[in-house]
Structure formats: C-alpha cells, structure tokens
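Residue numbers (this note's numbering): 26 to 417.
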C-alpha cells in the first residue's frame, strides 16, 4: 500500500493519520478537508468558543512532521474502486479512510437560522449573543442545552422550544430528562415542551399550533445527518451512515470509515451503533488504521460522551435498551448530584448517566465492559460505590 487518502479533516481524520504513522506506514498520505481551516476540535465550539473563552480549537497534531499532503477547501464528490472524485479533480488511492462526519439538520422557513457545527458557525453565533437579544433555541438536546447555557450567561432572553416531553428525551428518555427541567427556570430560560416548530421566520418562529415565538436569533439544534451523500451510487453500502463491520471495514475493499458517519457492528451490545461524540472520533481510528494495514483489530467500545450545561457536568456511558430497568442513584431535588443506571434483565449494567458524579461514570463504564452481575439494591444506594455493587 503506497497511498492512503483520508476524507474529512476533523479529529477522526487526523487521528487516523497518527494511527497509520504510529503503526509504521511510510507511504504517502493525503488529507482532504472541505473547510478552509486546519483541523480543529469540535466539543469546545458549544462551550469555550461560544462563551468567549477561546477563538480557536486547532487539533494538537503536526501534519507537516507526519509528511501529510493537506488539501483544504476540497470536497469529496464520488467514489469508485481506487479513485476518489473531488471538487479539485480525481485522486487515486490504495487505501481510503472515510471520516466526513455529519451535517446539521435545518428547519423549514425563510428566516435565518444558526446551526453549530463548524468554527465559523460558533463565531458567527457568538457575535449575536449580546445582552437583551431574544434568542430562540430549537431543541433541548445536548447542543440546544449548551447553546441556551451560553446565551443565558451572555445576558440574552432565551426561549428553548422542544418537541419532546422533556429535555434530552431522545438521548436518555423523558423519565430521566425530566429531572433537568428545573435547570432552565433557574438559569432564567423559558422552556416550552411538547412544542413543534412549523417554520423559521424573519422575526422568530411559528409553531405548528400557530403560536409565535418572537426572536432576533434562531438556533436550530435538532440533530445531524451523516455526511455521506457523496457516496450515493458507489459500492459503499449506506444505512444511517456508512455501514461497517466490527473492524470498521466498508463493503468496498481497502476502504474504512470512522467517526460520526460510521455505523458499526458492536459485538458487546449485539447491535449497530452510530455515535456522534468526540470519544468515538478519538478512539476508532486506531482500529481503522490497523484494518487498513491488514492487521486484525476489533472496535467494540462502551460509548461515552459528556455535556456541560447550566453549571452541571453530564456524562453517559453504555447502550441501554427498552428491556433494561432504570435505577436512580441520589435525589435530583437535593444536592443536584445524581445518577441513573440501566440494568439488563440479568442485572448487568448496560449504561450509566451521571450528573456531577464523575466517579460513578468511571466505575460504571468499567462495569459495562466487564459484564459482571450487580446487586440492584446496592446500585440504588448512592452512598455505595458502583464498584462495590458486584455480586459475589
């Protein structure tokens, strides 16, 4: 293998290059990036950048030292065996890494709506978050809550419109998300639940009910879609992203996929997973590089992610299913530090969600990996460390 092309100049793309070099690959590497910026990290965009604490989040990686040809402002257009079609012409490859990430979903309407995916998105939105500005955030998921937090701290009048019955309903379920409702009022943010947006207008939102939400700034935080449109018509199978096996191989020889766009098979959970979080972009490239170089490697992590919102640190690890039962650790109404554990019918930990309880998520992630049976009564006791809940 002489030439590897990496499509997507985000964290997953850069880490793929580092993994290739660390495994001894000495051939040519070309990195294709649609943006004009050098590779940067995305999690700080909705945190440090939006809050004004940082203007850049460049990934700490020396591409020149790794002898990488960097092609910025270049988008992938199509793919056939051994050839990548781009806006700047065709590139032949011996190995290909697909790391094109995801694209924000936009709402209907003629009014301007901000999204938060790129550094330019973050800087443009930050300029609009001034004291007194009326900000309407659509979606009370991870991004929506973080944007609402930043806007409230900037002195804006914030309204969050959420179609579900609680914040984070799609991510962790309304039974858990309902415990975060009070955070909005305490931050001075108006939260409208069960409200679906009809259109984004020049002066705010029109809801499906006909109600109006006046706003100077509209932010859409209703999710993303895998950026795989350029692969339609190719031999790469698509279904909610790029379909890959447990080795991150696609259906096209010598092509792997990583990051937000990869839909991989998990041995651990017996299901396909596509996880849109930083930890996946950080860890998966090592397996992808090994696979590309002909080594035997399996990607089967316990998914992990975190969010900072309304002065709380939220962390999640695992993959719960509808058959799992929830156990609450701590009282969300008391000191604000609490957690939720999901146990399988066999009393094994499937997932853990924590609010300001970092020890629980560290121990919980290890317990999900280990697959040991737990004592449900001890799990429900917040005073008992999770590691001490293993049944003899």
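For every residue, glycine included, the Cβ atom is placed at its ideal position computed from N, Cα and C.
In this structure the stretch 127-147 touches the stretch 227-237; the number of beta carbon pairs closer than 8 Å is three or more.
For residue 271, the secondary structure class from DSSP, reduced to helix, strand or coil, is coil.
Here residue 179 is buried, its C-beta having at least 16 other C-beta atoms within 10 Å.
Assignment of residue 245 by DSSP, reduced to helix, strand and coil, places it in the strand class. The residue from 406, 412, 335, 394 with its alpha-carbon nearest to that of residue 380 is 335. No Cβ-Cβ contact shorter than 8 Å links residue 183 with residue 220. Contact between residue 384 and residue 357 fails: their C-beta atoms lie close to 18 Å from each other, not under 8 Å. When 116, 33, 29 are compared, the shortest CA-CA separation from residue 283 is found for 33.
By DSSP's assignment, residue 378 forms a beta bridge with 341, 365.
Secondary structure note for residue 42: its alpha helix (DSSP H) is the uninterrupted segment 36-47.
Residue state for residue 203 is assigned as helix, using DSSP reduced to three classes. Closest option to residue 239, judged by alpha-carbon separation, among 60, 224, 248, 201: 224.
Contact check for residue 57 against residue 29 fails: the beta carbons are separated by 8 Å or more. CA-to-CA, the gap between residue 347 and residue 375 works out to about 11 Å. In the DSSP annotation of this structure, residue 138 is not part of any beta strand (DSSP E), being labelled neither H nor E. The C-alpha of residue 112 lies about 21 Å from the C-alpha of residue 250.
Within the same chain, and ignoring the five residues on either side of residue 279 in sequence, the residues whose Cβ sits closer than 6 Å to its Cβ are 120.
When DSSP states are grouped into helix, strand and coil, residue 226 belongs to the strand group. Listed in chain order, the non-local C-beta contacts of residue 306 below 6 Å within the same chain comprise 36, 37, 284, local neighbours out to five positions each way being set aside. A direct Cα-to-Cα measurement between residue 68 and residue 248 gives close to 15 Å. For residue 289, the enclosing beta strand (DSSP E) starts and ends at 287-291.
The C-alpha of residue 155 lies about 14 Å from the C-alpha of residue 147. The beta carbon of residue 123 sits closer than 6 Å to those of 32, 267, 282, all from its chain and outside the five residues before and after it, given in chain order. Only residues of its own chain outside the window of five on either side were considered, and among them 75, 76 have a CB closer than 6 Å to the CB of residue 175, listed in chain order. Judged by DSSP in its simplified three-state form, residue 71 adopts helix. Residue environment analysis places residue 92 among the exposed positions, since fewer than 16 neighbouring C-beta atoms fall within 10 angstroms of its C-beta. Residue 265 sits exposed, since fewer than 16 C-beta atoms from the chains shown fall within 10 Å of its C-beta. In the structure shown, the three-state DSSP call for residue 302 is coil.
Excluding its 5 nearest sequence neighbours in each direction, residue 403 has C-beta neighbours in its own chain below 6 Å: 409, 414, listed in chain order. By the neighbour-count definition (other C-beta atoms within 10 Å, threshold 16), residue 370 is an exposed residue.
In the three-state DSSP reduction, residue 53 falls in the strand class (E or B).
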